[in-house]
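I have placed the structure first, in the form of structure tokens, so that the comments after it can refer back to it.
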Amino acid sequence: MNTKSFARPITLAGLMLALAAFTPAFADNIVVNQWYTGGFFTAIPSAVFGPGYNLGTDAPLPGGGTETGAFAPSGTSWTITLASPGYLVVTDVEVSGDQFAVSVNGTAATPTGDYLGGQRGLASGWTSVPVPNAAFVGEDVNAALTNADFSSGTFYLPAGTDTISFSYEGQIGNGGMDFFVGTPEPSGIALMLTIMAAIGFVVARKRGTAAQQS
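The sequence shown lines up with residues 154 to 367 when you count with this note's numbering.
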């Protein structure tokens, strides 16, 4: 068997794993696997966004466990750089009734699966339709995510540098929300690399067999 042919896909897999583990800082002002709390304080609908009233609590994390969020940086957009495609989870908190439009790189965000217990986003880039004033959970993020009365959504983030922004429409004149950026679990990356290595092995074996028969 041609060991050089087999070594190439293994080397490529190693390089991809190293690339996935390295996320450049660039000009990011938010990070992966951190919940952020924010709030809207002007007339609705509004794109003005900054730190929320109180930090979100009991916010679920991939693989289990919870955390208390951090205040979102003041501003109207947030930047994050991803080595592989990721997802954005957004949820209303406090009193049900607020709904949020999500923009990624200047266009309406694309909905994806229901990560962390939240609902799937709408095709228009909005979070799910809420039931106004139906429930109160304070700052408990997990309770809001698992209650269909609260508007929430999960959206796709492409690899590379993503700029995220929100606009808001609600029932009570201002709105509090929490958001989270996640990436695929390391096990998923490992599985992808294993498949690539297996394909490389099969290709190398076929080449070796062909060489022996010629």
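Ideal Cβ placement from N, Cα and C applies to all residues, glycine included.
The region 250 to 261 touching the region 315 to 322, judged by at least three CB pairs closer than 8 Å: Yes, they touch.
Indicate whether P264 and L275 have their beta-carbon atoms separated by less than 8 Å. If you number the sequence shown from 1, residue 264 lands on position 111. If you number the sequence shown from 1, residue 275 lands on position 122. Yes, Cβ-Cβ distance for P264 and L275 is below 8 Å.
Could you spell out where the beta strand (DSSP E) holding L241 opens and where it closes? Residue 241 sits at position 88 when you count from the first residue of the sequence shown. That run of the beta strand (DSSP E) goes 239 to 245.
Do I246 and D331 have their C-beta atoms within less than 8 Å of each other? Along the sequence shown, read from residue 1 onward, the residue named residue 246 stands at position 93. Along the sequence shown, read from residue 1 onward, the residue named residue 331 stands at position 178. Sequence inspection shows Val at residue 246; the Ile mentioned does not correspond to that position. Yes. Within cutoff.
Leaving out five residues before and five after T205 in sequence, what residues of the same chain have Cβ atoms less than 6 Å from its Cβ? Sequence index remark: in the sequence shown, residue 205 carries index 52 (1-based). What sits at residue 205 in the sequence shown is Gly, not Thr. Around G205: T190, G191, G192, G329.
Start and end residues, beta strand (DSSP E) containing A254: Within the sequence shown, numbered from 1, the residue matching residue 254 stands at position 101. Start and end: 252 to 257.
Nearest to P226 by alpha carbon, out of G203, T219, P215, G216? Sequence index remark: in the sequence shown, residue 226 carries index 73 (1-based). Out of G203, T219, P215, G216, G203 has the C-alpha closest to the C-alpha of P226.
Counting beta carbon pairs with one atom in the region 229 to 236 and one in the region 294 to 301, are three or more of them shorter than 8 Å? They do not touch, by the three-pair rule.
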